[in-house]
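Q: The sequence shown begins at 290 in the working numbering and counts up one residue at a time. All residues carry an ideal CB built from backbone N, CA and C; glycine is no exception. Input: one structure, supplied below.
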Amino acid sequence: MDKILIRGGAPLEGTIKISGAKNAALPLMAACLLSDKPLILKNIPDLSDITSMTELLTQLGVGITLERNTDQQIMSLDAQNISSTTAPYEVVRKMRASVLVLGPLVARVGEAHVSLPGGCTIGVRPIDLHLKGLEALGAVITLADGYVHASAPHGLTGASFSFPVVSVTGTENLLMAATLAQGQTRLINAAREPEIADLANCLNEMGAKISGIGTDTLIIEGVKSLRGTTHHVIPDRIEAGTFAMAAAMTGGKLRLIGAELGHIPTVASLLEQAGVSLEQTKDSLIVTAPLGRLQGVDAMTEPFPGFATDLQAQWMALMSLAEGASMITETIWENRFMHVPELCRMGANITVHGASALVRGMKTLKGAPVMATDLRASVSLILAGLVATGETSISRVYHLDRGYERIEEKLRACGADIERVR
Ligand code: EPZ
Numbered sequence: 290m291d292k293i294l295i296r297g298g299a300p301l302e303g304t305i306k307i308s309g310a311k312n313a314a315l316p317l318m319a320a321c322l323l324s325d326k327p328l329i330l331k332n333i334p335d336l337s338d339i340t341s342m343t344e345l346l347t348q349l350g351v352g353i354t355l356e357r358n359t360d361q362q363i364m365s366l367d368a369q370n371i372s373s374t375t376a377p378y379e380v381v382r383k384m385r386a387s388v389l390v391l392g393p394l395v396a397r398v399g400e401a402h403v404s405l406p407g408g409c410t411i412g413v414r415p416i417d418l419h420l421k422g423l424e425a426l427g428a429v430i431t432l433a434d435g436y437v438h439a440s441a442p443h444g445l446t447g448a449s450f451s452f453p454v455v456s457v458t459g460t461e462n463l464l465m466a467a468t469l470a471q472g473q474t475r476l477i478n479a480a481r482e483p484e485i486a487d488l489a490n491c492l493n494e495m496g497a498k499i500s501g502i503g504t505d506t507l508i509i510e511g512v513k514s515l516r517g518t519t520h521h522v523i524p525d526r527i528e529a530g531t532f533a534m535a536a537a538m539t540g541g542k543l544r545l546i547g548a549e550l551g552h553i554p555t556v557a558s559l560l561e562q563a564g565v566s567l568e569q570t571k572d573s574l575i576v577t578a579p580l581g582r583l584q585g586v587d588a589m590t591e592p593f594p595g596f597a598t599d600l601q602a603q604w605m606a607l608m609s610l611a612e613g614a615s616m617i618t619e620t621i622w623e624n625r626f627m628h629v630p631e632l633c634r635m636g637a638n639i640t641v642h643g644a645s646a647l648v649r650g651m652k653t654l655k656g657a658p659v660m661a662t663d664l665r666a667s668v669s670l671i672l673a674g675l676v677a678t679g680e681t682s683i684s685r686v687y688h689l690d691r692g693y694e695r696i697e698e699k700l701r702a703c704g705a706d707i708e709r710v711r
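Laid out in structure tokens, this is it:
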């Protein structure tokens, strides 16, 4: 099992190219199922979740080729012949985003058999809204032997569906299904994350008729079929926010190529309140740490444009060093504080009360052996290790490889004393 070793103390200085967004690439890959023409995706990140989605789509009969250029990966997906409509438990349990094949399969071939995803470390993660939405579009849904069986032999019919809770992949599943439904679909209280706009733009390039992109009401006029296209995946805003916090914590300055303030508006505003300077240029975001200590600032996670839950653990690491205190409230996931005990082992002063954690800033953190538990918790431990005195060793780093492309290389190139040991 790989480990990452970090000897903290070096300010990060330099330039990092932000990779393509994992949470945009995954639904974009699933969208290939909607058409019998090839879909070409550029700026695909090199992540284990992308490999998992590639395995699943290949099992469904999609022909996938991946070209690795010097500066990006280009993936070509050909779903002309769908030979299976089953997403098996062995794959779905590894990656919950597998549920994104459900909507496109039902819309394209009239049926899908997708394993229920099972639990996940950050929460129960139900998919009831995905299913209720597909039923609203006319699909017949049954649950048997741990699988969702969805059927629409005569195609889907446009309808209005209002999400009682904002759901990112729920919105993506229904958006994709609605592109081939007969008539108009209205998705109300839809998620507004930039990854959804990226998917909608790609679907429109494929011939879909989607309006309201970027708002909480998406209107889709169904079409008979979709063509292929070539689409460039947007940069990963969670990676960008993570490295911005790394610069802030280490007292450094980073230029993040591809990062866009508009993709993390609330995180950016809180970073500035904490004393961090952010400058958006045409193609980059320049992040400069404050001269003095960071200031404690409260944060509450919310759907976009609110504070991204996928940056909560990283924010907690940042606030562990701030002057004063920060109350951090997690409103999206019921169990997303697994990083707290690990940060406390490094000397952080954090008290959890239900969905809130009170962080009292310390002047320093101390290196220690710690364990990654989920994707974003593991990167918060890297951030803490970058500033801690002494050595931090992080085990179970396979969690990291799901969402961060070559993170130790990117950080080492900016002065971090970090290495991966087999
Ligand atoms: C997406 O997960 C992201 N994953 C998550 O990122 C992210 O944390 C989450 O959105 C919130 O922003 C991908 O995009 C692949 P939700 P998703 O449906 O779609 C409840 C990462 O680190 N809900 O928006 O699964 C749910 O319990 C991952 O990259 C239902 O009740 O999240 C949660 O409380 C982790 N019923 C809330 O909605 C449903 O049918 C938001 O979940 C669906 C969701």
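Drop a sphere of 10 angstroms on the beta-carbon of Glu623, count the other beta-carbons inside from all chains shown, and report buried for 16 or more, exposed for fewer.
A: Exposed, because fewer than 16 other Cβ atoms sit within 10 Å of the Cβ of Glu623.
Q: Among residues of its own chain, excluding the 5 on either side of Leu366, which ones have a beta-carbon nearer than 6 Å to its beta-carbon?
A: Contacts found: Cys321, Leu328, Val351 and Ile353.
Q: If I measure Cβ to Cβ from Glu561 and keep anything under 7 Å in the same chain, skipping five residues before and after, which residues do I get?
A: The answer, listed in chain order, is Leu567.
Q: Identify, in the order they occur along the chain, each residue of the same chain with its Cβ nearer than 6 Å to the Cβ of Asp487, setting aside the five sequence neighbours on each side.
A: Ala313 and Ile523, listed in sequence order.
Q: So for Ile696, helix, strand or coil by DSSP?
A: Helix at Ile696.
Q: Going by C-alpha to C-alpha distance, which of Leu336, Leu423, Ser440 and Asp434 sits closest to Thr460?
A: Nearest C-alpha to Thr460: Leu423.
Q: Quick check on the burial criterion: 16 or more other C-beta atoms within 10 angstroms. Buried or exposed for Ser404?
A: Looking at its Cβ environment, which holds 16 or more other Cβ atoms inside 10 Å, Ser404 is buried.
Q: Since Leu345 and Ala376 are thought to touch, with beta carbons under 8 Å apart, how far apart are those beta carbons, to the nearest angstrom?
A: Contact holds; Cβ gap of about 6 Å.
Q: Could you tell me the distance, in whole angstroms, from the CA atom of Val454 to the CA atom of Gly530?
A: In a straight line, the C-alpha of Val454 is about 25 Å away from that of Gly530.
Q: Below 8 Å between beta carbons: does that hold for Gln603 and Arg625?
A: Not closer than 8 Å, so no.
Q: Compare the beta carbon distance of Leu675 and Thr539 with 8 Å and say whether it is the shorter of the two.
A: Yes, the pair counts as a contact, with Cβ atoms nearer than the cut-off.
Q: Are Leu607 and Ala537 close, meaning C-beta to C-beta below 8 Å?
A: Contact flag set, yes.
Q: Taking the continuous beta strand (DSSP E) assigned at Gln473, which residues delimit it?
A: Gln473 to Ile477 is the extent of the beta strand (DSSP E) around Gln473.
Q: Report the residue from Pro442, Leu323, Val686 and Met384 whose alpha carbon sits nearest the alpha carbon of Leu394.
A: The candidate whose alpha carbon is nearest that of Leu394 is Leu323.
Q: From the DSSP output, in three-state form, read off Asn638 for me.
A: Correct three-state label for Asn638: strand.
Q: Where does Thr653 land, buried or exposed, given buried means 16+ other C-beta within 10 angstroms?
A: So Thr653 counts as exposed.
Q: In angstroms, rounded to a whole number, what distance separates the CA positions of Leu476 and Ile553?
A: Distance between the alpha carbons of Leu476 and Ile553: 23 Å.
Q: Kindly indicate which residue of Leu336, Glu484 and Ala614 has the alpha-carbon position closest to the one of Arg649.
A: Ranking the options by Cα distance to Arg649, first place goes to Ala614.
Q: What are the uninterrupted segments assigned as alpha helix (DSSP H) that are 4 or more residues long and contained completely in the stretch 447 to 533, given in chain order?
A: For the stretch 447 to 533, whole alpha helix (DSSP H) runs of length 4 or above, ordered along the chain, are 457 to 467 and 483 to 494.
Q: May I ask which residues mark the beginning and end of the alpha helix (DSSP H) holding Ala602?
A: Counting along the chain, the alpha helix (DSSP H) containing Ala602 begins and ends at Gln601 to Met608.
Q: Helix, strand or coil, according to DSSP, for Met627 in the structure here?
A: The answer is coil: DSSP assigns Met627 none of H, G, I, E or B.
Q: Go through its chain and collect everything with a Cβ distance to Asp587's Cβ below 6 Å, but skip five positions before and after it.
A: Excluding positions up to five away in sequence, the list reads Ser615 and Met616.
Q: Is it buried or exposed for Tyr687, if we count other Cβ within 10 angstroms and need 16 for buried?
A: The residue in question, Tyr687, is exposed, as its Cβ has fewer than 16 Cβ neighbours within 10 Å.
Q: Can you name the start and end residues of the beta strand (DSSP E) that Thr681 belongs to?
A: Glu680 to Ser684 is the span of the beta strand (DSSP E), which, as asked, contains Thr681.
Q: Under three-state DSSP, which class holds Gly422?
A: Three-state DSSP puts Gly422 in a helix.
Q: Any heavy atom of the ligand EPZ inside 7 Å of the beta-carbon of Thr713?
A: The structure shown has nothing for residue 713, since the chain only spans 290 to 711.
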